[in-house]
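S.K.: Counting from 513, one number per residue, gives the positions in the sequence shown under our numbering.
Idealized CB from N, CA, C, for every residue including glycine.
If you're wondering where the values come from, they're calculated on a predicted model, not measured in any experiment.
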Amino acid sequence: MIKRVQQANLKILLEVDRICKKHGIRYLLDSGTLIGAVRHRGFIPWDDDVDLAFPREDYEKFLAVAKDELADGIELYRPCDIGGGKAFFDFTPKLVYMNSRKHFETEESNYYDNIPNKICVDLFVLDEITEKSFAQRLHILKMYIIYGMAMGHRYSLDYSKYKGIQKLQVMVLAIMGKMFSMKTIYKMEHKAATRYNNSGSKLLYWSNYEPGYTHMTIPKSGSYNMTEMEFEGHMLSVPVNYDGVLKVVYGDYMTLPPEDKRVPKHGECDEAAGFFVEV
Numbered sequence: 513m514i515k516r517v518q519q520a521n522l523k524i525l526l527e528v529d530r531i532c533k534k535h536g537i538r539y540l541l542d543s544g545t546l547i548g549a550v551r552h553r554g555f556i557p558w559d560d561d562v563d564l565a566f567p568r569e570d571y572e573k574f575l576a577v578a579k580d581e582l583a584d585g586i587e588l589y590r591p592c593d594i595g596g597g598k599a600f601f602d603f604t605p606k607l608v609y610m611n612s613r614k615h616f617e618t619e620e621s622n623y624y625d626n627i628p629n630k631i632c633v634d635l636f637v638l639d640e641i642t643e644k645s646f647a648q649r650l651h652i653l654k655m656y657i658i659y660g661m662a663m664g665h666r667y668s669l670d671y672s673k674y675k676g677i678q679k680l681q682v683m684v685l686a687i688m689g690k691m692f693s694m695k696t697i698y699k700m701e702h703k704a705a706t707r708y709n710n711s712g713s714k715l716l717y718w719s720n721y722e723p724g725y726t727h728m729t730i731p732k733s734g735s736y737n738m739t740e741m742e743f744e745g746h747m748l749s750v751p752v753n754y755d756g757v758l759k760v761v762y763g764d765y766m767t768l769p770p771e772d773k774r775v776p777k778h779g780e781c782d783e784a785a786g787f788f789v790e791v
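(1) Assess, as a yes-or-no matter, whether the segment 568 to 584 is touched by the segment 548 to 558 under the definition of 3 or more beta carbon pairs within less than 8 Å.
(2) Taking the alpha helix (DSSP H) that glutamate 620 belongs to, which residues open and close that run?
(3) When the Cα atoms are used, what is the spatial distance from valine 682 to glycine 676?
(4) What are the uninterrupted segments assigned as beta strand (DSSP E) that are 3 or more residues long and contained completely in the segment 624 to 670, given in chain order?
(5) Say whether the segment 609 to 616 touches the segment 517 to 535, bearing in mind that this needs 3 or more beta-carbon pairs closer than 8 Å, one atom from each stretch.
(6) Starting from leucine 758, trace the alpha helix (DSSP H) in both directions and tell me its first and last residue.
(7) Is the number of C-beta pairs between the segment 711 to 718 and the segment 634 to 652 that are closer than 8 Å three or more?
(8) Cα separation between proline 567 and tyrosine 708?
(9) Hey, could you find the ends of the alpha helix (DSSP H) threonine 522 is sitting in?
(10) Counting beta carbon pairs with one atom in the segment 694 to 710 and one in the segment 619 to 627, are three or more of them shorter than 8 Å?
(11) Identify, in the order they occur along the chain, each residue of the same chain with its Cβ nearer than 7 Å to the Cβ of isoleucine 657, setting aside the five sequence neighbours on each side.
(12) If you follow the beta strand (DSSP E) that isoleucine 586 is in, where does it begin and where does it stop?
(13) What's the call for leucine 588, buried or exposed, on a 16-neighbour Cβ count within 10 Å?
(14) Look at the alpha carbon of arginine 516 and the alpha carbon of aspartate 542, and state the distance between them as a whole number of angstroms.
(15) Taking the beta strand (DSSP E) that valine 608 belongs to, which residues open and close that run?
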């Protein structure tokens, strides 16, 4: 079944490539999808999703044209589209393969309009970040705080995942977040994410990654310059400095993980649990 998931993801990916080439928009394969291109010339055999990233300017261009350009059966959902703009799942827009389902619907999945329950391609954005070490740490802390506040608008929070002071921090930020509308929090996130754009900084970061990854930075040089690499028989866009990007995030990315780690990260494709995809 993982092959069917990958086929659906590839359909979305090729649609993004088509739109971006038509409109002169830069995009790049990201995260595990980029590893797949470099190491396997396609999907990592057990990978069940696709990650893409855009420079901020191109990200905004893509969001502006996507709804009118996307093929039938693929829809763009921005974070503010989910739950009538009142629910928070994450800060990442998603391209959703509508004719799919990961598991039977639940009250929680319906809280998010059942969008995260479908096969989705995540769209990440690269923004500039200050090169000054202390200011950079403060900025990342601010992004963490905003994310924590947004978590107050989740369906529920599993505090058992956190320990000690971190659990207290999550609880306090979630309570604080409930005092603000998600509309306000989205504005806060956008203002903070773009704080250092056009500052002349030579560093970039993935501003809408989940906490734990936003602290990673890459040099602007080479990250905005694209080349093409084979992916499942198609030539798709990757950054010229793909090796440097992957080493920042993964270290030795060419070494396969242990066999017990070679599993889909978004759960098993189990028809008994309601999995369905038409490709």
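M.R.: Here's the rundown:
(1) Segments in contact, no.
(2) Against the sequence shown, residue 620 aligns to sequence position 108. Per DSSP, the unbroken alpha helix (DSSP H) holding glutamate 620 starts and ends at 619 to 623.
(3) Counting from one through the sequence shown, the residue named residue 682 turns up at place 170. Counting from one through the sequence shown, the residue named residue 676 turns up at place 164. Cα-Cα distance, rounded: 10 Å.
(4) Listed in chain order, they are 631 to 641.
(5) Flag = yes, the segment 609 to 616 and the segment 517 to 535 touch.
(6) Start at 1 with the first residue of the sequence shown, and residue 758 comes out as number 246. Per DSSP, leucine 758 belongs to the alpha helix (DSSP H) from 754 to 762.
(7) Proximity of the segment 711 to 718 to the segment 634 to 652 meets the contact definition, three or more beta-carbon pairs being nearer than 8 Å.
(8) Reading the sequence shown from its first residue, position 55 is the one you call residue 567. Reading the sequence shown from its first residue, position 196 is the one you call residue 708. So the alpha carbons of these two residues sit roughly 13 Å apart.
(9) In the sequence shown, the residue the question calls residue 522 occupies position 10. Strictly speaking, residue 522 in this sequence is leucine, with threonine absent from that position. Boundaries of the alpha helix (DSSP H) around leucine 522: 514 to 535.
(10) Contact check between the segment 619 to 627 and the segment 694 to 710: fewer than three CB pairs, one atom from each, fall below 8 Å, which does not count as touching.
(11) By 1-based counting over the sequence shown, the position of residue 657 is 145. So the qualifying residues of the chain are Leu685.
(12) Position 74 of the sequence shown, counted from the start, is the residue given in the question as residue 586. Where isoleucine 586 is concerned, the enclosing beta strand (DSSP E) starts and stops at 586 to 589.
(13) As a working mapping, residue 588 is identified with position 76 in the sequence shown. Leucine 588 counts as buried, since at least 16 other C-beta atoms from the protein chains shown sit within 10 angstroms of its C-beta.
(14) Translated into positions along the sequence shown, residue 516 becomes position 4. Translated into positions along the sequence shown, residue 542 becomes position 30. Counting only the Cα atoms, aspartate 542 lies some 21 Å from arginine 516.
(15) Taking the first residue of the sequence shown as position 1, residue 608 is located at position 96. Valine 608 -> beta strand (DSSP E) spans 606 to 609.
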